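Residue numbers (the numbering used here): 91 to 257.
Here it is, written out as structure tokens:
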């Protein structure tokens with residue numbers, strides 16, 4: 091196979107500058123699209139942050155205006171969830187973390203756990219947790235029996251702790 095060599099193998103000046111100009115145009119267009127994308131992303135992101143801030147501000151104002159309703163709702167919510175403590179593991183973890191973090195036991199008092207089927211302190215309750223409270227309640231020694239542990243636990247309630255945070 092024989093290849094032909096051209097003595098004068100030059101690229102046309104017209105084609106060279108045409109390719110160069112196309113490359114420059116596409117490079118500038120790509121940079122412009124990237125810049126527009128970053129600008130739109132930052133504007134959208136700041137709009138979302140502003141919207142979230144507005145929602146938080148609205149919730150704070152409404153909580154302040156309707157303090158009594160919020161307190162009643164928090165108390166009812168906590169009592170209803172004390173009843174369903176063992177039914178949902180996520181709910182159980184939420185209540186446990188609230189009680190550990192606030193060093194409290196129950197919504198208003200440790201006797202709120204009597205509303206739960208497992209912790210109910212009646213003679214016909216066959217549960218091993220009868221007359222007890224969850225381990226997340228502020229108990230001094232977990233080796234102590236549940237009846238004597240009830241006396242040594244923190245008598246703070248989660249409802250009063252949460253409502254003092256709201257003030």
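All residues carry an ideal CB built from backbone N, CA and C; glycine is no exception.
Just so you know, these numbers come straight off a predicted model, no measurement behind them.
For residue 102, does the three-state DSSP call read helix, strand or coil?
Residue mapping note: residue 102 aligns to position 12 of the chain shown, counting from 1. Coil at residue 102, not helix or strand.
Should the segment 216-225 be called in touch with the segment 197-208, which here means at least 3 C-beta pairs below 8 Å?
By the Cβ rule, the segment 216-225 counts as touching the segment 197-208, because three or more pairs are nearer than 8 Å.
As assigned by DSSP and simplified to three states, the class of residue 212:
Numbered from its first residue, the chain shown carries residue 212 at position 122. Annotated three-state conformation of residue 212 is coil, per DSSP.
Closest to residue 202 by C-alpha separation, out of 171, 215, 214, would be which residue?
Your numbering for residue 202 matches position 112 in the chain shown. Cα-wise, what sits closest to residue 202 is 171.
Helix, strand or coil for residue 178, going by three-state DSSP, please let me know.
Numbered from its first residue, the chain shown carries residue 178 at position 88. In this structure, residue 178 counts as coil in the three-state DSSP scheme.
I need the straight-line Cα distance from residue 123 to residue 109, nearest angstrom please.
Indexing the chain shown from 1 puts residue 123 at position 33. Indexing the chain shown from 1 puts residue 109 at position 19. Across the structure, residue 123 and residue 109 are spaced so that their CA atoms are roughly 21 Å apart.
Do the CB positions of residue 189 and residue 227 come within less than 7 Å of each other?
Your numbering for residue 189 matches position 99 in the chain shown. Your numbering for residue 227 matches position 137 in the chain shown. Their beta carbons are under 7 Å apart, which means residue 189 touches residue 227 by this criterion.
Roughly how many angstroms separate the alpha carbons of residue 102 and residue 138, rounded to a whole number?
As a working mapping, residue 102 is identified with position 12 in the chain shown. As a working mapping, residue 138 is identified with position 48 in the chain shown. In this model, residue 102 and residue 138 are separated by some 54 Å (Cα to Cα).
Is DSSP giving residue 200 helix, strand or coil here?
One-based indexing of the chain shown puts residue 200 at position 110. Residue state, collapsed to three classes: helix.
Determine, using beta carbons only, whether residue 168 and residue 150 come nearer to each other than 7 Å.
Taking the chain shown and counting its residues from 1, one reaches residue 168 at position 78. Taking the chain shown and counting its residues from 1, one reaches residue 150 at position 60. Contact flag unset, no.
From residue 116 to residue 128, what distance separates their C-alpha atoms?
As a position in the chain shown, residue 116 is number 26, starting the count at 1. As a position in the chain shown, residue 128 is number 38, starting the count at 1. Those two C-alpha atoms are separated by around 18 Å.
Express the C-alpha separation of residue 199 and residue 243 in angstroms, rounding to a whole number.
Here residue 243 refers to the residue found at position 153 when the chain shown is read from its first residue. Here residue 199 refers to the residue found at position 109 when the chain shown is read from its first residue. Low local confidence applies: a pLDDT of 48 at residue 243 is under 50, so the model's placement there is unreliable, and no value is given.
Count the other C-beta atoms from every protein chain shown that fall within 10 angstroms of the C-beta of residue 216, then say buried if there are 16 or more, exposed otherwise.
Taking the chain shown and counting its residues from 1, one reaches residue 216 at position 126. Looking at its Cβ environment, which holds fewer than 16 other Cβ atoms inside 10 Å, residue 216 is exposed.
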